[in-house]
Amino acid sequence: MKIKILVAAHKPYWMPGGDCYLPIHVGCAGKQSIGFQGDDTGDNISVKNPHYCELTALYWAWKNLQADYIGLVHYRRYFTRREVRRVEARKQEILTTADWEQLLQSHPVIVPDKRRYYIESNRSHYNHAHHTEGLDLAEQIIAEQFPAYMPAFQTVMDRSWAHMFNMFVMRRDLFDAYCSWLFAVLGELEQRIDITGWNTYESRVFGFVSERLLDVWLEHNHIDYHEQNISFLEHQDWLKKGSTFLLRKISGNCY
1132 MKIKILVAAH KPYWMPGGDC YLPIHVGCAG KQSIGFQGDD TGDNISVKNP
1182 HYCELTALYW AWKNLQADYI GLVHYRRYFT RREVRRVEAR KQEILTTADW
1232 EQLLQSHPVI VPDKRRYYIE SNRSHYNHAH HTEGLDLAEQ IIAEQFPAYM
1282 PAFQTVMDRS WAHMFNMFVM RRDLFDAYCS WLFAVLGELE QRIDITGWNT
1332 YESRVFGFVS ERLLDVWLEH NHIDYHEQNI SFLEHQDWLK KGSTFLLRKI
1382 SGNCY
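Each residue of the sequence shown is one higher than the one before, counting from 1132 in this note's numbering.
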């Protein structure tokens, strides 16, 4: 069982050991090397990183990486056995190659534990956090080009939970199928959307939209998946995060 889990990074940072983890420098094109595999070799979309975020690593793996299972995590966010209080202790909880082999023997796809919004649906949460055009146009594209996915799209948009962060590990055949569908939708979205004047954060629209599309793909294809804890390797200011979201919700925009 050959497992390769890309660790998307844009700067030097601590990395977990184990041959299953492959640190990858996202948006590497034209940048100075940071000592990690670049996403700018072979067939790639590295130059689109400002808009596609970690998806440039996903695309690179799809086109250039050979493995039985392929996944994606972030340099500060990993799948872990359990949540612990101390940041340094969280590193010891990151899943090892042996952990992954055991999990993947039972489930073809591993995703993060549900992120619950409680008072929001996925649709309203996106609309309060981002420009609405990205998700609206993605829905239009799916309706036109992948109409069989529309019931799943509506189901997912009405939920108050999601599997976020573009983090997962998938069996290769499923990974290929997902990437083929995802990048077809995003490629068409790129042709239709005008992000002129959008700030740097909102210009990451393709990354934001894709976070909502993973569950659409899983739902439509009735994929057996297992949810796993994830941990963030730095302290987070939840008061600031919550206040920012509430301000966007009250004001009705994301500027």
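For every residue, glycine included, the Cβ atom is placed at its ideal position computed from N, Cα and C.
Under the DSSP assignment, Arg1302 falls in the beta strand (DSSP E) whose first and last residues are Phe1299 to Arg1302.
Close CB contacts of Phe1306 within its chain, under the 6 Å cut and outside five residues either way in sequence, are with Ile1201 (chain order). In the DSSP assignment, Pro1147 falls outside any alpha helix (DSSP H), carrying neither H nor E.
About 7 Å separates the beta carbons of Leu1203 and Ile1136, which is inside the 8 Å limit, making them a contact pair. Between Tyr1206 and Ala1160, the C-beta gap is not smaller than 8 Å, which leaves the two residues out of contact.
For Gln1359, the enclosing beta strand (DSSP E) covers residues Tyr1356 to Gln1359. Closest by C-alpha distance to Cys1310, out of Val1157, Gly1149, Ala1188 and Trp1145, is Ala1188. One alpha carbon belongs to Gln1236, the other to Tyr1356, and they sit about 12 Å apart.
Spatial neighbours of Asp1346 in its own chain (CB-CB distance under 7 Å, excluding positions within 5 residues in sequence) are listed in chain order as Val1287, Ala1293 and His1294. Around the beta carbon of Ser1164, fewer than 16 other beta carbons lie within 10 angstroms, which makes this residue exposed.
Non-local C-beta neighbours of Ala1283 in its own chain, meaning closer than 6 Å and more than five positions away in sequence, comprise Val1347, Glu1350 and His1351, ordered along the chain. In the three-state reduction of the DSSP assignment, Arg1290 falls in the coil class, being assigned neither a helical nor a strand state. Looking from the CA of Ile1354, the closest CA among His1141, Tyr1190, Met1301 and His1262 belongs to Met1301. Val1340: member of the alpha helix (DSSP H) spanning Val1336 to His1351, first to last residue.
Under the three-state reduction of DSSP output, Ala1160 falls in the coil class, being neither helix nor strand. Taking 8 Å as the cut-off, the Cβ atoms of Gly1148 and Ser1177 do not count as close. Per DSSP, the beta bridge partners of Gln1168 are Ile1155. When Cβ pairs closer than 8 Å are counted between the two stretches, the region 1219 to 1226 is seen not to touch the region 1316 to 1332, the count staying below three. Measuring C-alpha to C-alpha distances from Glu1214 to each of Pro1243, Asp1150, Gly1169 and Asp1171 identifies Pro1243 as the nearest.
Restricting attention to Val1316, Leu1344 and Arg1303, the CA atom closest to the CA of Met1132 is found in Arg1303. Here Ser1362 carries a strand assignment [DSSP, helix/strand/coil].
One Cα belongs to Arg1335, the other to Met1146, and the distance between them is close to 25 Å.
Residues Ile1176 of the same chain have their beta carbon placed closer than 6 Å to that of Tyr1190, with the five preceding and five following residues left out of the count.
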